[in-house]
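**Student:**
Protein chains: 2
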Amino acid sequence: MDAPFSIQWTHRLRFSVNPFAKHDVLDTLCKELLPIKILVVVDDGLAESNQAFIDSLHAWCSRTEQVCASPLVVAGGEKTKNSFDTVDLILEAVNTYSICRKSCIIAIGGGAVLDAVGFAASIAHRGVPIIRMPSTSLSQGDSGVGVKNGINHFGKKNFIGTFNPPFAVVNDITLLKSLPDEHWRAGLSEAIKVALIKDSDLFDEITTNADALNNRDIKAMESVLKQSALLHLQHITNGGDPFETLESRPLDFGHWSAHKLEQLTDYEVSHGDAVAIGLSIDLLCSVKLGTLNEDIASRTISLLKQLGFPTMHTELSNPELLLGIEEFRQHLGGRLTLLMLKDMQEPVDIHELDASIVRQAIAELM
Amino acid sequence: MDAPFSIQWTHRLRFSVNPFAKHDVLDTLCKELLPIKILVVVDDGLAESNQAFIDSLHAWCSRTEQVCASPLVVAGGEKTKNSFDTVDLILEAVNTYSICRKSCIIAIGGGAVLDAVGFAASIAHRGVPIIRMPSTSLSQGDSGVGVKNGINHFGKKNFIGTFNPPFAVVNDITLLKSLPDEHWRAGLSEAIKVALIKDSDLFDEITTNADALNNRDIKAMESVLKQSALLHLQHITNGGDPFETLESRPLDFGHWSAHKLEQLTDYEVSHGDAVAIGLSIDLLCSVKLGTLNEDIASRTISLLKQLGFPTMHTELSNPELLLGIEEFRQHLGGRLTLLMLKDMQEPVDIHELDASIVRQAIAELM
Chain P
0 MDAPFSIQWT HRLRFSVNPF AKHDVLDTLC KELLPIKILV VVDDGLAESN
50 QAFIDSLHAW CSRTEQVCAS PLVVAGGEKT KNSFDTVDLI LEAVNTYSIC
100 RKSCIIAIGG GAVLDAVGFA ASIAHRGVPI IRMPSTSLSQ GDSGVGVKNG
150 INHFGKKNFI GTFNPPFAVV NDITLLKSLP DEHWRAGLSE AIKVALIKDS
200 DLFDEITTNA DALNNRDIKA MESVLKQSAL LHLQHITNGG DPFETLESRP
250 LDFGHWSAHK LEQLTDYEVS HGDAVAIGLS IDLLCSVKLG TLNEDIASRT
300 ISLLKQLGFP TMHTELSNPE LLLGIEEFRQ HLGGRLTLLM LKDMQEPVDI
350 HELDASIVRQ AIAELM
Chain X
0 MDAPFSIQWT HRLRFSVNPF AKHDVLDTLC KELLPIKILV VVDDGLAESN
50 QAFIDSLHAW CSRTEQVCAS PLVVAGGEKT KNSFDTVDLI LEAVNTYSIC
100 RKSCIIAIGG GAVLDAVGFA ASIAHRGVPI IRMPSTSLSQ GDSGVGVKNG
150 INHFGKKNFI GTFNPPFAVV NDITLLKSLP DEHWRAGLSE AIKVALIKDS
200 DLFDEITTNA DALNNRDIKA MESVLKQSAL LHLQHITNGG DPFETLESRP
250 LDFGHWSAHK LEQLTDYEVS HGDAVAIGLS IDLLCSVKLG TLNEDIASRT
300 ISLLKQLGFP TMHTELSNPE LLLGIEEFRQ HLGGRLTLLM LKDMQEPVDI
350 HELDASIVRQ AIAELM
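Chains as they are written, first to last, in numbering that gives the first Met the number 0: chain P, 0 to 365; chain X, 0 to 365.
Shown next as structure tokens:
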């Protein structure tokens, strides 16, 4: 017997500069979800750097009766994904406070915290609803908007995880104000990635506003990240493959080397920087494969540099970097499928990538 | 922005008495799925008791080039769900043998092994496809057919788990031949449960064939388990709530006390026996609540006894048993929703259950 069935989800993406204000986004989402209890989890990086936000969060917690405990502060950054510690902490809290499948976890922080907390939420009682509040440019424009979560295991990025659409994602652009420059700009490499594949107007906007973005113009950043988030969301919900069962992963353009470089440097290279380097490599590979005009590659690499991103790293000469191709293939499985660029908005899948091509590309960047 | 999207699944249920034969079910499923690699995992209870089956499995593995290693033997029974050991073992094998999302894990065993291996498969690389081969009457007629997996944590059954439809479920009735009597009959309490709620003809068939079932008539058992599996499958795929986001869980009739009794006895009481006891309690509660005719309750309890099931246990007088109601509520969350019976095929949801009613029902069984 073959019995087909389907599950419906709604991906809610909200923007607000004061989401905890009365009748603002959080109040509205809670009216819709009607959670029995609410557990709030906050990235320690945010908790330590943005007192105004923490104050407004505490005020909301005080007047929201479903909130069952003080916000739980967890370690931020990639290290939170390198062990089961954060996941265990969340599972213990779910048990202690009797958080159920009709309750809700609100996770506030960078992409790593959203990934680890999201994974814990997805396996507790087979799935407690989660509202994500990304606090970095990277997570607001890309990872926080997705349907994936995960932690690292066996030294491999996201070896363990699930696909689990959040109940909602809430982007508060003002959270970016307290970020150091490296994290302020981090989301721009992913925005450039999605612009290259899907939206040349966004690419032009980033180019035009590069100085404003460097000068931490919040309006300029808001416009870029909003478009980046919507492009990612549309790809997930309209791209025909939300849970990645097919071959192609266009949103992972430039990511095979980015993931490997992060691992080789023990995550000292941030994801935003690694993606800038990974994009540079794959753009030059695209040129060398004869599919891409050199002008687009050099314009993109210049733009990345102008925005303060590195486009090379000494570890690129580590022969182990090339293992990233096989690890990228293994994660999704099946035959190798890498995205290269033919032209702006014209991605093309390739199924092999010669090591000599990669070495030439890297040599050009070094 | 609200972006709705859906995921389609096909639930494949296959029956075969020689699934590893050439061109039989396993060959056909592999032709459909085209897995890059196959990892086979076997319950130690089955590996130790059914050499003929293990031989045919080994023969299939030898002639199937995708099989990447000798079948991995894991501990069977509920203990396999009481720690992370089995899950860790599978994750390590996934890493060692480079099992990817285009590969496949074939899990063969009782419900506990399918639950633990299924959970590991669902979180490795965010989900490696799994083919389940339930080897017990309980798992062939009920748990193996479902879309859930899980392990126990904090002393709570299935505290950790996911919803993850298997690629296919393969039921080989001949596997039941090597089971001890307790496991031979175990699936019948779940079959009686689903018959009470959905199919009075099946209830009559079990009643008529009680002696044959007691005498281990494989044809009689095959007919009952096939109907039970199909009723469970139809409920999941056509019941409108495959991932249990709503209030009602009709397939968990009688399960609040069953789960608690298993835990109170450190899983010495098997799930099949616990469900028989749990059904007896909730049938008598249904009578006491004035919703059910006494005749149906007493006929069912007699039938359970006739089939060799216990319908009482000394631990029923443990006051902690009643905590099972709150734990049942917590797992799904929201308000308490228990299923009681008004009549054959006429379930009714209730939202409170007075302890005195439960105590009276138990007193009648003791």
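We treat Cβ as the ideally placed atom computed from N, Cα and C, and that holds for glycine.
Remember, predicted model here, so these are calculated numbers, not experimental data.
For D1(X), return the contacting residues in chain P, with the cut-off set at a CB-CB distance below 7 Å.
**Tutor:** Sequence index remark: in the second sequence, residue 1(X) carries index 2 (1-based). Chain P residues near D1(X): T9, R11.
**Student:** Between S269(P) and A185(P), which are expected to be in contact by the criterion C-beta below 8 Å, what is the C-beta distance as a whole number of angstroms?
**Tutor:** Taking the first residue of the first sequence as 1, we reach residue 269(P) at position 270. Taking the first residue of the first sequence as 1, we reach residue 185(P) at position 186. Their Cβ separation, rounded to whole angstroms, is 6 Å, which keeps S269(P) and A185(P) in contact under 8 Å.
**Student:** Look at the alpha carbon of L315(P) and the alpha carbon of L288(P), and state the distance between them as a whole number of angstroms.
**Tutor:** The residue labelled residue 315(P) in the question sits at position 316 within the first sequence. The residue labelled residue 288(P) in the question sits at position 289 within the first sequence. Using only the alpha carbons, I get a separation of about 20 Å.
**Student:** Determine the DSSP secondary structure at K155(X), reduced to helix, strand or coil.
**Tutor:** Taking the second sequence and counting its residues from 1, one reaches residue 155(X) at position 156. In the structure shown, K155(X) sits in a strand (DSSP, three-state: E or B).
**Student:** When you compare each of A20(X), R13(X), I35(X) to G332(P) by their alpha carbons, which one comes out closest?
**Tutor:** On the first sequence, residue 332(P) is found 333 positions in, with the first residue counted as 1. Cα-wise, what sits closest to G332(P) is I35(X).
**Student:** Listed in chain order, which residues of the stretch 308-341 of chain X have Cβ atoms closer than 9 Å to some Cβ of chain P?
**Tutor:** For the stretch 308-341 of chain X, which is checked against every Cβ of chain P, the residues closer than 9 Å are E325, R328, Q329, H330, L331, G332, G333, R334.
**Student:** Using a Cβ distance threshold of 8 Å, determine whether the stretch 148-163 of chain X contacts the stretch 196-213 of chain X, with at least three qualifying pairs required.
**Tutor:** With the cut-off at 8 Å, the stretch 148-163 of chain X and the stretch 196-213 of chain X do not touch.
**Student:** Bridge partners for H10(X) per DSSP, in chain order?
**Tutor:** Taking the first residue of the second sequence as 1, we reach residue 10(X) at position 11. Beta-bridge pairing links H10(X) to A2(P).
**Student:** Over the uninterrupted alpha helix (DSSP H) stretch that includes N237(X), give me the two end residues.
**Tutor:** For this step, residue 237(X) is matched to residue 238 along the second sequence. From DSSP, the alpha helix (DSSP H) with N237(X) extends over 217-237.
**Student:** Just verifying my parser: in three-state terms, what is the DSSP assignment at D114(P)?
**Tutor:** As a position in the first sequence, residue 114(P) is number 115, starting the count at 1. Helix at D114(P).
**Student:** Going along chain A in order, which residues have a C-beta closer than 9 Å to the C-beta of C99(X)?
**Tutor:** Within the model displayed, chain A is absent; protein chains P and X are what it includes.
**Student:** Would the stretch 108-124 of chain P count as touching the stretch 56-74 of chain X if we require 3 or more Cβ pairs under 8 Å?
**Tutor:** No, the stretch 108-124 of chain P is not in contact with the stretch 56-74 of chain X.
**Student:** Can the beta-carbon of I37(X) be found less than 8 Å from the beta-carbon of I105(X)?
**Tutor:** Numbered from 1 along the second sequence, position 38 holds the residue referred to as residue 37(X). Numbered from 1 along the second sequence, position 106 holds the residue referred to as residue 105(X). Closer than 8 Å, so yes.
**Student:** Select from D87(P), D43(P), F118(P), K101(P) the residue whose C-alpha is nearest the C-alpha of I107(P).
**Tutor:** Numbered from 1 along the first sequence, position 108 holds the residue referred to as residue 107(P). Considering only alpha carbons, the answer is D43(P).
**Student:** How many angstroms separate the CA atom of H254(P) from the CA atom of F242(X)?
**Tutor:** Position 255 of the first sequence, counted from the first residue, corresponds to residue 254(P). Position 243 of the second sequence, counted from the first residue, corresponds to residue 242(X). H254(P) and F242(X): Cα-Cα distance of roughly 33 Å.
**Student:** Can you find the residues in the same chain that come closer than 7 Å, C-beta to C-beta, to A194(P), ignoring five residues on each side of it along the sequence?
**Tutor:** As a working mapping, residue 194(P) is identified with position 195 in the first sequence. Contacts found: L201, F202, I205.
**Student:** For a contact meaning CB atoms closer than 9 Å, what does P382(P) contact in chain X?
**Tutor:** Outside the shown range of chain P (0 to 365) lies residue 382(P), about which nothing can therefore be said.
**Student:** Opposite E345(P) in the DSSP bridges: which residues?
**Tutor:** To locate residue 345(P), count along the first sequence from 1; it is residue 346. Looking at the DSSP assignment, E345(P) forms a beta bridge with D342(P).
**Student:** Taking Cβ-Cβ distances shorter than 7 Å, what residues in chain P pair up with K147(X)?
**Tutor:** As a working mapping, residue 147(X) is identified with position 148 in the second sequence. Ordered by position in chain P, the residues that pass the 7 Å Cβ test against K147(X) are R125.
**Student:** Below 8 Å on the Cβ atoms is my guess for A209(X) versus Q305(X); work out the distance and round it to an integer in Å.
**Tutor:** Start at 1 with the first residue of the second sequence, and residue 209(X) comes out as number 210. Start at 1 with the first residue of the second sequence, and residue 305(X) comes out as number 306. Confirmed, Cβ separation roughly 5 Å.
**Student:** Are P3(P) and T9(X) closer than 8 Å when you measure CB to CB?
**Tutor:** The count along the first sequence starts at 1 and reaches residue 3(P) at position 4. The count along the second sequence starts at 1 and reaches residue 9(X) at position 10. Yes, the Cβ-Cβ distance between P3(P) and T9(X) is below 8 Å.
**Student:** When you compare the CB of F166(X) with every CB in chain P, is at least one pair closer than 8 Å?
**Tutor:** Looking up residue 166(X) in the second sequence gives position 167. So, not an interface residue.
**Student:** From the DSSP output, read off the bridge partner residues of D294(X).
**Tutor:** The sequence position of residue 294(X) within the second sequence is 295, counting from 1. DSSP output for D294(X) lists no bridge partner at all.
**Student:** What residues from the stretch 232-259 of chain X come within 8 Å of chain P, judged by C-beta to C-beta, listed N to C?
**Tutor:** Cβ contacts with chain P: L232, Q233, I235, T236, N237, P241, F242, E243, T244.
**Student:** Given a limit of 7 Å on CB to CB distance, which residues of the stretch 32-49 of chain P reach chain X?
**Tutor:** Answer set for the stretch 32-49 of chain P: I35.
**Student:** Flag N94(P) as yes if its beta-carbon sits less than 8 Å from any beta-carbon of chain X, otherwise no.
**Tutor:** As a first step, residue 94(P) is located in the first sequence; it is residue number 95 there, counting from the start. Judged by the 8 Å Cβ criterion, N94(P) is in contact with chain X.
**Student:** Chain X partners of L90(P), CB-CB under 9 Å?
**Tutor:** As a working mapping, residue 90(P) is identified with position 91 in the first sequence. Within 9 Å Cβ-Cβ: H152, F153, F158, I159.
**Student:** Mark N49(P) as exposed unless 16 or more other C-beta atoms lie within 10 angstroms of its C-beta, in which case mark it buried.
**Tutor:** To locate residue 49(P), count along the first sequence from 1; it is residue 50. N49(P) is buried by the Cβ-count criterion.
**Student:** Under 8 Å between the Cβ atoms of L291(P) and L282(P)?
**Tutor:** Start at 1 with the first residue of the first sequence, and residue 291(P) comes out as number 292. Start at 1 with the first residue of the first sequence, and residue 282(P) comes out as number 283. Their beta carbons are under 8 Å apart, which means L291(P) touches L282(P) by this criterion.
**Student:** Apart from the five residues on each side of it in sequence, which residues of its chain come closer than 7 Å, Cβ to Cβ, to K30(P)?
**Tutor:** In the first sequence, residue 30(P) corresponds to position 31, counting from 1. Cβ neighbours of K30(P) beyond the five flanking positions: none.
**Student:** Could you tell me if K80(X) is buried or exposed, where buried requires 16 or more neighbouring beta carbons within 10 angstroms of its beta carbon?
**Tutor:** Here residue 80(X) refers to the residue found at position 81 when the second sequence is read from its first residue. With 16 or more other Cβ atoms within 10 Å, it is buried.
**Student:** May I ask you to report which of helix, strand or coil DSSP gives G108(X)?
**Tutor:** Taking the second sequence and counting its residues from 1, the one referred to as residue 108(X) is at position 109. Strand, per DSSP.
**Student:** Mind checking if I349(P) is an interface residue toward chain X, Cβ cutoff 8 Å exclusive?
**Tutor:** Residue 349(P) sits at position 350 when you count from the first residue of the first sequence. Cβ-Cβ to chain X under 8 Å: no for I349(P).
**Student:** Starting from the Cα of E345(P), find the closest Cα among F252(P), I361(P), I172(P) and give me that residue.
**Tutor:** One-based indexing of the first sequence puts residue 345(P) at position 346. It is F252(P) whose Cα lies nearest to the Cα of E345(P).
**Student:** Do L303(X) and A275(X) come within 8 Å of each other at the CB atom, strictly closer than that value?
**Tutor:** Counting from 1 along the second sequence, the entry for residue 275(X) is found at position 276. Counting from 1 along the second sequence, the entry for residue 303(X) is found at position 304. Closer than 8 Å, so yes.
**Student:** How should E319(P) be labelled, buried or exposed, when 16 other C-beta atoms within 10 angstroms of its C-beta is the threshold for buried?
**Tutor:** Sequence index remark: in the first sequence, residue 319(P) carries index 320 (1-based). When all chains shown are included, E319(P) counts as exposed.
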